[in-house]
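S.K.: The structure under discussion is supplied below as structure tokens; questions concerning it will follow.
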Amino acid sequence: MSPRDPGERGPEGDRQAAVRADRRRHDARRGLRARDHEGSAGGTGRVVRHIADVAGRELRGLFVSPVAYGILSLFSVLAGIFFIVTLSAFSEWVLRLQQMQAIEALAQANLNDGMIAMFYQSMGVVLLFLIPGITMSLFASEKTNGTQELLLTSPLTIWDIVLGKFLAGAIFTTLLVAIVAAYPAVLWIYGNPGPELGKTISGLLGLLLVSWTYVSIGAFASSLTRSQVLAFLLTFVILLMMMFMPAIADLGVAGTSEARDFFRYLSADVHLDQLVRGLVDTKDLAYFAVMIGTFLVFTKTAVESVRWR
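Note that the sequence shown ends on residue 833 in the working numbering; no numbers are left out.
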């Protein structure tokens with residue numbers, strides 16, 4: 525009889541192949557923790573390269589789909605609409621003041637407080653609605669496509685993966701903020717007088733920090749589920765709750781004044797409002813740093829828990 529082909533070894537051969545496959549997966553998982561230590565002990569250049577590789581892969585995947593272009597287009601249209609609306613409202617207000625000959629009010633009127641601040645705050649609300657659509661696929665798509673285990677058994681640490689995906693989302697939202705920045709630039713070039721540079725830049729910084737905070741929250745939500753729709757909804761609900769924190773505090777639900785202050789502090793809009801008005805405070809910068817760091821740690825913990833299931 526001719527020797528049996530390796531692919532036709534029967535039930536016993538199938539069992540042995542399954543055992544070998546299980547052993548390889550077990551060995552790969554055992555090596556993950558060692559690679560985590562190697563990544564932390566290795567050169568910074570290698571870590572940066574790994575993070576950049578993950579971010580590049582994520583951005584390429586994002587721009588292959590129509591989602592990215594749809595969000596960019598929608599955001600550009602909404603930015604144009606809100607810019608025209610706020611500029612028209614400011615112009616009408618100034619015209620009324622001139623008709624009323626309100627000299628003191630006219631002297632205090634300026635583009636930043638009367639128009640650009642409102643424009644920035646409106647775009648902050650738009651970001652709240654759009655960023656969940658950007659982040660919903662960061663981790664959920666890996667689970668849906670069955671590529672999560674391959675990613676976790678690659679020569680990448682969990683932090684490489686988490687930071688790389690966060691970086692991709694942050695880069696994309698930075699493009700959105702760059703679109704917003706184009707409109708004050710037009711006023712700067714053609715306005716007489718133009719907007720104050722310091723307040724304009726601090727407001728853009730606020731939008732950047734808010735968008736990155738939203739990305740970190742979205743990444744965490746995406747790491748909890750394999751459903752992109754559920755990740756979108758979870759992110760949106762969290763962001764909506766954060767937005768209404770000041771209203772909850774003002775209603776007296778929080779109880780003590782310390783609790784009310786704490787609820788207000790949790791709202792990203794409160795800190796964005798300070799930066800939009802040109803008030804750069806370390807308390808506000810610390811808020812964004814802590815929020816981003818906290819949700820990235822949560823994301824890392826959620827992703828890491830998958831490898832031991």
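We put the CB at the ideal spot given by N, CA and C, even for glycine.
From a predicted model like this one, the values you see are computed outputs, not experimental measurements.
Where does ILE713 land, buried or exposed, given buried means 16+ other C-beta within 10 angstroms?
M.R.: So ILE713 counts as exposed.
S.K.: To the nearest angstrom, how far is the alpha carbon of PHE744 from that of THR737?
M.R.: In this structure, the alpha-carbon of PHE744 lies about 11 Å from that of THR737.
S.K.: Measuring only the C-alpha atoms, how far is GLY563 from PRO717?
M.R.: Caution is warranted here: a pLDDT of 46 is assigned to GLY563, below 50, making its placement in the model unreliable, and the coordinate value is therefore given only provisionally. A straight-line Cα-Cα distance of about 53 Å links GLY563 and PRO717.
S.K.: Tell me which same chain residues have a C-beta within less than 8 Å of the C-beta of PHE587, skipping the five on either side of it?
M.R.: Within the same chain, PHE587 has close Cβ partners TYR593.
S.K.: For THR823, collect the residues of the same chain with a Cβ closer than 6 Å to its Cβ; drop the 5 residues on either side in sequence, then sort them by chain order.
M.R.: VAL686, ALA743, PHE744 and SER747
S.K.: Three or more C-beta pairs closer than 8 Å, one from the segment 678–693 and one from the segment 648–665: is that the case here?
M.R.: Cβ pair count under 8 Å is three or more, so yes.
S.K.: Go to ILE682, then tell me how far its alpha helix (DSSP H) extends in each direction, as first and last residue.
M.R.: Counting along the chain, the alpha helix (DSSP H) containing ILE682 begins and ends at 682–714.
S.K.: Mapping DSSP to helix, strand and coil, what is ARG750?
M.R.: coil
S.K.: For LEU729, which residues of its own chain have a beta-carbon under 7 Å away from its beta-carbon, when the five flanking residues on both sides are left out?
M.R.: LEU799
S.K.: Which residue's Cα is closest to the Cα of ASP793: VAL649, ALA576 and SER600?
M.R.: Selection VAL649, ALA576 and SER600 evaluated against ASP793 yields VAL649 as nearest (Cα-Cα).
S.K.: In chain order, what residues of the same chain lie with their CB nearer than 6 Å to the CB of LYS723, ignoring the 5 residues before and after it?
M.R.: ASN636 and GLY802
S.K.: If we ignore side chains and look at the alpha-carbon of each, how far apart do ILE595 and ARG784 end up?
M.R.: Their Cα atoms are separated by approximately 35 Å.
S.K.: Pick from MET769, SER735, PHE786 and GLY715: whose alpha carbon is nearest that of SER615?
M.R.: GLY715
S.K.: By Cβ distance below 8 Å, which residues in the same chain neighbour LEU790 in space, the five residues on each side in sequence not counted?
M.R.: MET766 and MET769
S.K.: Under the three-state reduction of DSSP, which class applies to GLY657: helix, strand or coil?
M.R.: helix
S.K.: From VAL609, ALA705 and THR697, pick the residue whose C-alpha is nearest to that of GLY657; which is it?
M.R.: THR697
S.K.: Use the C-beta contact count for ALA706: other C-beta atoms within 10 angstroms, 16 or more gives buried, fewer gives exposed.
M.R.: With fewer than 16 Cβ atoms within 10 Å of its Cβ, ALA706 is classed as exposed.
S.K.: How should PHE786 be labelled, buried or exposed, when 16 other C-beta atoms within 10 angstroms of its C-beta is the threshold for buried?
M.R.: exposed
S.K.: Beta-carbon within less than 7 Å of ARG498's beta-carbon, same chain only, minus the 5 sequence neighbours each way: which residues are those?
M.R.: This structure cannot settle anything about residue 498, because the visible part of the chain is limited to 525 through 833.
S.K.: Could you name each continuous alpha helix (DSSP H) segment of 4 residues or more that falls completely within the segment 756–799, going from the start of the chain to the end?
M.R.: 769–774 and 781–789
S.K.: Just reading off the alpha helix (DSSP H) that PHE663 is part of, what are its end residues?
M.R.: Per DSSP, PHE663 belongs to no alpha helix (DSSP H) and is neither H nor E.
S.K.: Using beta-carbon positions only, say whether SER740 and ILE640 come within less than 8 Å of one another.
M.R.: no
S.K.: Taking the alpha-carbon positions, what's the ASP684 to PHE819 distance?
M.R.: 15 Å
S.K.: Going by other Cβ atoms of all chains shown within 10 Å of its Cβ, with 16 needed for buried, is ILE516 buried or exposed?
M.R.: Nothing can be reported for residue 516, as the shown portion of the chain is limited to 525 through 833.
S.K.: What residue does the alpha helix (DSSP H) around GLY580 start on, and which one ends it?
M.R.: 568–588
S.K.: So, is VAL710 buried or exposed, given that buried needs 16 or more other C-beta atoms within 10 angstroms?
M.R.: Classification for VAL710: exposed.
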